[in-house]
Amino acid sequence: MQLSRYDLSYYERLFMDYHRYPTLIVKRRAELSVHEVDENVGGSKSNVMGKPVENLAVRYLTDKRLLFLQNVHESIHDTLVELDNSTRKIIELRYFNNDEYNWKQVAKLFNYSPAQIYRIRYRVLEMFANRAGFCNTI
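The C-terminal residue of the sequence shown carries number 672 in this note's numbering, and the numbering is unbroken.
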C-alpha cells in the first residue's frame, strides 16, 4: 500500500505540531482531572464507590483524545530519534522552523535534487505513520 497525497498532507500537519503536543497533553489531562459536579442533589447515595485516584487513572487511560495526542507525540519523537543526522536536520529545517523553508529551498541548502528531498520526506512520513499505527506499509 502506498500513501496518498492526502495521507501525506495529514501526516505533515501532525508533524508540524510536534512542539505543541506536550502543551496539548497537559491541557487535556487538566480537563480530565476536573471533578464533575454531582447532579443528584437531594437524591440517595450512589452505588459507585468513591475512588478518585482510580477514576482519574481510568479517565486518562480511556480518553481517546489524550491517547491520540500521546501516541502521535511519542511516534514523532521515536521517528526523529531513529533518523540519521542529515535527514533529521532536513526534517527539522522544513517542519520546525515556522514554515520558513519550502522543500525546494531545503533541497538547495543540502545540495539535493527536489526528487531526492521528496523521497526523504515520504520515507520519514511513512516511518511515522507506521510507528503511530495509521498505516501498515512495511
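Where a beta carbon is used, it is the ideal one built from N, C-alpha and C, also for glycine.
Same chain only: Cβ atoms within 7 Å of residue i, ignoring 5 sequence neighbours per side
i	result
Gln604	Ile559
The ligand HEM heavy atom lying under 7 Å from the CB of residue i
i	result
Ala649	The ligand HEM is absent from the structure shown, which contains no ligands of any kind.
Contact check, residue i vs residue j, beta carbons under 8 Å
i	j	result
Ser567	Leu595	no
Val658	Ile625	yes
Phe662	Tyr552	no
Leu537	Cys669	yes
Arg563	Leu600	yes
Own chain partners of residue i with C-beta closer than 6 Å, once the 5 adjacent residues on each side are dropped
i	result
Met550	Tyr629
Classification of residue i by the beta-carbon crowding that lies within 10 angstroms, buried from 16 upward
i	result
Ser647	exposed
Glu634	exposed
Thr671	exposed
Limits of the unbroken alpha helix (DSSP H) element including residue i
i	result
Lys598	598-616
Thr621	619-629
Identity of the residue in the options nearest residue i by Cα
i	options	result
Arg547	Val606, Thr557, Glu565, Lys585	Val606
Ile610	Thr671, Arg665, Arg539, Ile672	Arg665
Sequence-distant residues of its chain with Cβ nearer than 8 Å to residue i (five each side left out)
i	result
Asp597	Arg562, Leu566
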